[in-house]
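Novice: Every number in the numbering used here is 16 more than the matching position in the sequence shown, counting from 1. For every residue, glycine included, the Cβ atom is placed at its ideal position computed from N, Cα and C. I have a structure I would like to understand better, so I am pasting it below and will then ask my questions one at a time.
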Amino acid sequence: SDDDAVEFLFLERLGATRWKCMVMPGRKMRVGATATIGDVCLRVEKITAEGERIIAFDTDVDVYVGGSMPLPPYVDRASDESDAARYQTVFARQPGAVAAPTAGLHFTPEILSEIPHTFVTLHVGPGTFLPVRSENIAEHRMHAERFSLSPEAADKINNAQRIVAVGTTAMRVLETTIRKSKLLRRQIEPRSGETDLFIYPPFTFRIVDALLTNFHLPRSTLLMLVSAFAGREFILRAYEKAVHERYRFYSYGDCMLIL
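Structure follows, in structure tokens:
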């Protein structure tokens with residue numbers, strides 16, 4: 017029955033049969049609780065400090081076969097087959113994110129063939145859904161997210177005259193790597209690791225010249241990043257204009273180019 021339903025969002029594979037998950041509703045899945053998905057059983061081994069569950073299946077399982085595309089919580093409908101293609105960028109290669117980098121959804125292979133570009137990787141984590149609840153935003157703590165910037169990408173970026181970040185994900189990778197770089201001027205180095213960089217006003221951007229981004233939720237870290245880049249008052253005016261013109265907001269919405 018619906019009363020017995022539990023939703024698992026698989027965040028990170030920890031082994032052949034173990035995963036880190038978000039569970040809704042969490043009260044039903046305490047340590048030791050079990051559930052059945054298809055023909056396999058799972059058991060909750062641990063609850064992390066963030067409330068995530070460490071679960072173990074009784075056998076190796078391919079969650080991509082039995083699961084469905086996870087849509088953001090504000091999308092008030094069940095996902096369907098079209099979301100598997102629509103809620104995914106055409107250039108995605110590395111599995112690991114819990115949400116799509118939505119600015120990239122606007123690109124087609126045809127558009128990419130017409131513009132010079134390179135790719136970076138950031139695995140969007142569950143913290144992207146969390147609002148900033150602290151009155152003092154400096155007290156908000158970002159969840160660390162895994163990223164990778166290849167030697168080829170670093171070389172292209174270092175030789176570019178103007179750098180446009182496609183989305184807040186790419187922005188955070190670039191501004192993280194430039195801060196860790198030992199090179200002079202605006203030169204970055206290849207790097208992989210984790211970032212918990214929280215970008216909010218005032219912030220000095222060291223490498224990105226322009227930003228393509230969607231319209232974001234209120235009190236979100238994404239909106240604060242955009243406000244840091246373009247100025248809070250400017251962004252508020254832009255959002256008022258977008259509402260007046262009935263632009264679409266959030267993941268499946270329209271985007272803005274900030275120059």
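Using 8 Å for Cβ pairs, my map puts H241 next to M187. What's the rounded Cβ distance?
Specialist: At residue 241 the sequence reads Leu, which differs from the His that was named. That belief holds up - the Cβ atoms of L241 and M187 are roughly 7 Å apart, short of 8 Å.
Novice: I'd like to confirm the pairing. Which residues does DSSP put opposite G209 in its beta bridges?
Specialist: G209 pairs with F163.
Novice: State yes or no: is the C-beta of K44 nearer than 7 Å to some heavy atom of the ligand NAP?
Specialist: As far as ligands go, the structure on display features none, and thus does not contain the ligand NAP.
Novice: Counting only runs that start and end within the stretch 68-150, where is the alpha helix (DSSP H) found for 4 or more residues in a row?
Specialist: You should have 79-82, 97-102 and 125-130.
Novice: Need the endpoints of the alpha helix (DSSP H) that E191 sits in, please.
Specialist: G183 to K196
Novice: Pull up the distance between the alpha-carbon of F135 and that of D20, whole angstroms please.
Specialist: Near 42 Å, if we compare the C-alpha coordinates of D20 and F135.
Novice: Buried or exposed, going by whether 16 or more other CB atoms sit within 10 Å of the CB of S17?
Specialist: Note that S17 scores 39 on pLDDT, short of 50, meaning its location in the model is unreliable; the coordinates nonetheless yield the value given after this. Its Cβ having fewer than 16 others within 10 Å, S17 is exposed.
Novice: Tell me the rounded alpha-carbon separation between R222 and V140.
Specialist: 22 Å
Novice: With a threshold of 16 other CB atoms inside 10 Å of the CB of C57, please say whether the residue is buried or exposed.
Specialist: exposed
Novice: According to the Cβ coordinates, are S208 and F163 closer than 8 Å?
Specialist: In this structure, F163 lies closer than 8 Å to S208 by Cβ.
Novice: Quick one: measure Cβ to Cβ for T112 and G82, integer angstroms, because I've assumed they're closer than 8 Å.
Specialist: Position check: residue 112 holds Gly in this sequence, whereas Thr was assumed. That pair is no contact at about 19 Å.
Novice: Three-state secondary structure (DSSP) at A226?
Specialist: strand
Novice: Would you tell me roughly how many angstroms separate the C-alpha atoms of L121 and Y103, rounded to the nearest one?
Specialist: 7 Å
Novice: Is it true that the CB of P86 sits closer than 8 Å to the CB of V60?
Specialist: no
Novice: Using DSSP's beta-bridge definition, name the partner residues of L58.
Specialist: A51 and F73
Novice: When you compare only the Cα positions, how much space is there between I127 and T144?
Specialist: 27 Å
Novice: Have a look at E161 and A176 and give me their C-alpha separation to the nearest angstrom.
Specialist: 26 Å
Novice: Going straight from the alpha carbon of R29 to that of Q110, what length do you get?
Specialist: 14 Å
Novice: Beta-carbon separation of E283 and A170 under 8 Å?
Specialist: This structure gives no information on residue 283, because the portion of the chain shown stretches from 17 to 275.
Novice: Give the single residue among D76, D78 and P88 whose Cα lies nearest to the Cα of M38.
Specialist: Residue nearest to M38 within the set D76, D78 and P88 is P88 (criterion: CA-CA distance).
Novice: What number of angstroms, rounded off, separates the C-alpha of T220 from the C-alpha of E261?
Specialist: 31 Å
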